[in-house]
Amino acid sequence: MDISSTVIVDRLPDWFSTAFAKVRYLDISNNEISGRLPRNMEFMSLEIFFINSNKLTGEIPNLPRNITTLDLSGNSLSGNFPSNIGNTYLSSLWLRSNQITGRIPKFLCKADLSNNLLEGQLPQCFGVMDIGFLMLSNNRFSGNFPSFLKRLRQLKSLDLSHNSFSGRLPLWIGELAELRFLGLNHNTFSGEIPPTISNLSHLRHLNLAGNGLSGAIPWHLSNITAMIGMDETNYENDLYDGGYLDTFRTLDFSSAVVKGRELNYSSGIWDLVSIDLSFNQLTGVIPEEIAALDALINLNLSWNQLSGTIPNNLGALQALESLDLSRNMLSGRIPPSLSDLTYLSYLDLSDNNLTGRIPSGRQLDTLYTQEPSMYSGNSGLCGLPLPISCLGKNATRQDDQKSNEHSFEPMTFYFGLALGFILGLWVVFCALLFKRAWRTAYFCMIDKTYDQMYVFAVLTWKS
1 MDISSTVIVD RLPDWFSTAF AKVRYLDISN NEISGRLPRN MEFMSLEIFF INSNKLTGEI
61 PNLPRNITTL DLSGNSLSGN FPSNIGNTYL SSLWLRSNQI TGRIPKFLCK ADLSNNLLEG
121 QLPQCFGVMD IGFLMLSNNR FSGNFPSFLK RLRQLKSLDL SHNSFSGRLP LWIGELAELR
181 FLGLNHNTFS GEIPPTISNL SHLRHLNLAG NGLSGAIPWH LSNITAMIGM DETNYENDLY
241 DGGYLDTFRT LDFSSAVVKG RELNYSSGIW DLVSIDLSFN QLTGVIPEEI AALDALINLN
301 LSWNQLSGTI PNNLGALQAL ESLDLSRNML SGRIPPSLSD LTYLSYLDLS DNNLTGRIPS
361 GRQLDTLYTQ EPSMYSGNSG LCGLPLPISC LGKNATRQDD QKSNEHSFEP MTFYFGLALG
421 FILGLWVVFC ALLFKRAWRT AYFCMIDKTY DQMYVFAVLT WKS
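Mapping the sequence shown onto UniProt numbering, position 215 (from 1) lands on 215, and the numbers just tick up by one.
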């Protein structure tokens with residue numbers, strides 16, 4: 001029975017479990033049902049029950065014994081898991097966006113439990129090999145990176161973001177070859193990013209932001225072929241062939257920082273080809289190979305300690321819409337190729353050590369009007385749209401004219417002075433050489449001046 005989205009504004013009546021006792025399929029999702037779930041719900045014959053996106057509160061009662069699929073997400077349910085959850089046939093469980101507390105039962109491995117108040121370490125899930133999606137973001141989980149994940153070779157999506165996981169990321173993470181989505185942001189992971197992460201050729205979304213990761217950005221990122229020239233249709237077919245497309249569309253993914261804002265993409269996250277390594281302690285240079293990932297839409301490397309220059313070939317990222325390299329130690333010029341990024345709608349290069357003339361282009365000029373701080377904190381930058389003119393080798397003809405009008409050039413001044421002195425001497429010399437009368441008068445004047453100076457000196461000395 002499907003009565004979803006019919007705007008039922010009421011509590012579940014006491015006779016609910018009796019009236020629907022023989023119903024096996026029930027969908028009353030996307031309404032405004034409030035109150036608690038029926039206490040005697042375990043005596044119902046329900047096998048598939050959708051009551052998500054309502055306003056239910058209270059604890060979850062014991063579940064129907066034959067239940068296989070249960071969606072309680074998007075409510076305000078609280079408390080621990082029901083006591084009989086291990087005695088059911090439950091295979092698909094959605095509890096995201098509630099206030100469930102406590103620890104995950106050891107046998108509960110296939111569930112979407114994101115956005116709750118769960119804590120402790122994850123169950124090891126021994127014997128379970130066919131998990132395709134593990135969504136546990138926005139909880140209070142702790143401990144090292146879960147070791148049982150090494151056995152999940154069919155894992156398509158892993159979201160452990162916004163928890164308290166710590167320690168190093170293992171090298172074997174590169175063996176999870178089917179991963180499409182990897183969200184480990186906002187934990188306390190440390191150490192280097194495993195170089196084997198470039199072996200994840202199907203990866204479309206990588207988010208390691210907000211940790212304590214150090215070292216260099218891995219090379220060979222061009223091995224991530226899913227970020228190279230692969231359109232959305234091919235990616236959707238890839239999920240459909242694996243039988244995960246319907247499940248993928250119902251998942252609630254963590255947010256992503258794009259264009260300077262934290263956005264919640266929900267099930268549309270697969271459209272966003274993204275690398276976010278911001279808010280870490282990464283050092284070294286930006287690998288030039290990153291420009292081979294021409295399907296990238298979002299690249300965020302801000303708030304690190306990256307040095308060196310911005311790769312000149314970043315203009316090859318033709319699909320790029322958001323580029324954030326702010327608050328690093330990058331130096332050198334801004335690559336002119338950035339003006340070729342026609343889809344770019346957000347750029348932040350602030351608080352680096354960039355120098356030289358800012359590249360011109362309609363796209364970059366438009367971005368500056370929308371975000372005037374995109375170049376701030378780089379004292380060596382000059383030229384439009386900044387009010388600082390470029391001098392010397394960086395100057396255009398217009399800047400040279402302005403500098404000649406308003407500034408003092410020592411080399412030009414001394415060169416002109418010397419040239420004028422030499423030309424003056426040549427004029428006097430030529431006049432004396434070709435004019436005999438002038439030459440006679442000139443030497444007489446010198447003799448007379450000499451005699452007067454001599455007499456003056458003698459008299460001054462005697463007196």
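Glycine is no exception: its CB is placed at the ideal position from the N, C-alpha and C atoms. Keep in mind that this is a model prediction, so the values were computed, not measured.
Item to check | Run of the alpha helix (DSSP H) containing Trp219, from where it starts to where it stops | outcome: Per DSSP, Trp219 belongs to no alpha helix (DSSP H) and is neither H nor E.
Next on the checklist: To the nearest angstrom, how far is the alpha carbon of Ser92 from that of Phe107?
Outcome noted: 13 angstroms
Checklist entry - Of the residues Arg327, Glu119, Asp112, which one's Cα is nearest the Cα of Ser164? => result Residue Glu119 is the option with its Cα nearest to Ser164.
Item to check | Straight-line Cα distance separating Asp447 from Val455 | outcome: 13 angstroms
Checklist entry - When the Cα of Gly74 is compared with those of Asp112, Leu344, Thr440, Ser373, which residue comes out closest? => result Asp112
Item to check | Arg439 - DSSP class collapsed to helix/strand/coil | outcome: If DSSP states are grouped into helix, strand and coil, Arg439 belongs with the helices.
Item to check | Residues near Phe145 by beta carbon distance below 7 angstroms, same chain, minus five either side | outcome: Sequence-distant Cβ neighbours of Phe145 in its own chain, meaning closer than 7 angstroms and more than five residues away, are Phe165, Gly167, Leu169, Pro170.
Item to check | Continuous alpha helix (DSSP H) assignments of at least 4 residues falling wholly in the stretch 60-118 | outcome: none
Checklist entry - Thinking C-beta only, is Asn211 closer than 7 angstroms to Asn280? => result yes
Item to check | Helix, strand or coil at Asn394 [DSSP, three-state] | outcome: Annotation note: pLDDT 49 at Asn394 (below 50); position unreliable, no value reported.
Checklist entry - Just to confirm, are Gly377 and Asp351 a CB contact at a threshold of 7 angstroms? => result yes
Item to check | Asn313, DSSP secondary structure in three states | outcome: Under the three-state reduction of DSSP, Asn313 is assigned to helix.
Item to check | Backbone secondary structure at Asp130 - three-state DSSP | outcome: It is coil, neither helix nor strand.
Checklist entry - Whose C-alpha, out of Pro123, Asn300, Phe49, is nearest the C-alpha of Val273? => result Asn300
Next on the checklist: Taking the beta carbon of Val257 as the centre, do at least 16 other beta carbons fall within 10 Å, making it buried, or is it exposed?
Outcome noted: With at least 16 other beta carbons inside 10 angstroms of its own, Val257 counts as buried.
Next on the checklist: On the CB-based measure, 16 or more other CB atoms within 10 Å of its CB, does Met227 come out buried or exposed?
Outcome noted: Counting Cβ neighbours within 10 Å, Met227 comes out buried, since at least 16 surround it.
Checklist entry - Where Asp71 and Asn207 are concerned, what is the direct C-alpha to C-alpha distance, given to the nearest angstrom? => result 27 angstroms
Checklist entry - For His162, which residues from the same chain have a beta carbon less than 7 angstroms from its beta carbon, with the 5 sequence-adjacent residues on both sides left out? => result Ser137, Asn138, His186, Ser254
Checklist entry - Should Ile388 be labelled buried (16 or more other beta-carbon atoms within 10 Å of its own) or exposed? => result Ile388 should be labelled exposed.
Checklist entry - Three-state secondary structure (DSSP) at Ser376? => result Of the three classes helix, strand and coil, the one that applies to Ser376 here is coil, per DSSP.
Checklist entry - Buried or exposed: Arg180, going by 16 or more other Cβ atoms within 10 Å of its Cβ? => result Residue environment: Arg180 is assigned as buried (16 or more neighbouring CB atoms within 10 Å of its CB, all protein chains considered).
Next on the checklist: So, at 8 angstroms on beta carbons, what are the nonlocal neighbours of Ser190 in its own chain, with the 5 sequence-adjacent residues on each side left out?
Outcome noted: Ser166, Gly167, Arg168, Asn211, Gly212, Leu213, Ser214
Next on the checklist: Please state the DSSP three-state secondary structure of Phe50.
Outcome noted: strand
Next on the checklist: Less than 7 angstroms between the beta carbons of Phe81 and Pro105, yes or no?
Outcome noted: yes
Checklist entry - Which whole-angstrom value is the C-beta distance of Glu192 and Arg153, which I expect to be below 8 angstroms? => result With a beta-carbon spacing of about 24 angstroms, Glu192 and Arg153 fall beyond the 8 angstroms limit used to define contacts.
Checklist entry - Cα separation between Met453 and Cys390? => result 56 angstroms
Next on the checklist: So, under 8 angstroms CB-CB, Gly355 and Arg333 are touching, yes? Tell me the CB distance rounded to an integer number of Å.
Outcome noted: A quick correction: the sequence has Thr, not Gly, at residue 355. Contact holds; Cβ gap of about 7 angstroms.
Next on the checklist: Given a cut-off of 7 angstroms on the beta-carbon distance, is the pair Leu134 and Leu158 in contact?
Outcome noted: yes
Next on the checklist: For Leu330 and Ser302, which I take to be in contact (beta-carbon distance under 8 angstroms), what is that distance rounded to the nearest angstrom?
Outcome noted: The Cβ separation is near 11 angstroms, so there is no contact.
Checklist entry - If Gly260 and Tyr346 are in contact, beta carbons under 8 angstroms, what's the gap, nearest whole angstrom? => result 6 angstroms
Item to check | Counted within 10 angstroms of its Cβ, other Cβ atoms place Tyr414 as buried (16 or more) or exposed | outcome: exposed
Next on the checklist: Using CA atoms only, rank isn't needed, just tell me which of Arg96, Asn66, Thr101, Ala216 is closest to Asn85.
Outcome noted: First, the residue type needs correcting, since residue 85 is Ile and not Asn in the sequence shown. Selected option, being the one with the closest Cα: Asn66.
Checklist entry - What number of angstroms, rounded off, separates the C-alpha of Tyr375 from the C-alpha of Ser322? => result 15 angstroms
Checklist entry - CB-CB under 6 angstroms to Val285, same chain, minus the five flanking residues each way: which ones, in chain order? => result Gly308
Checklist entry - In terms of residues, what are the limits of the beta strand (DSSP E) holding Ser326? => result Segment: none, Ser326 is in no beta strand (DSSP E) and carries neither H nor E.
Checklist entry - Excluding the five sequence neighbours on either side, which residues of its own chain have a C-beta within less than 6 angstroms of the C-beta of Ser147, listed in chain order? => result none
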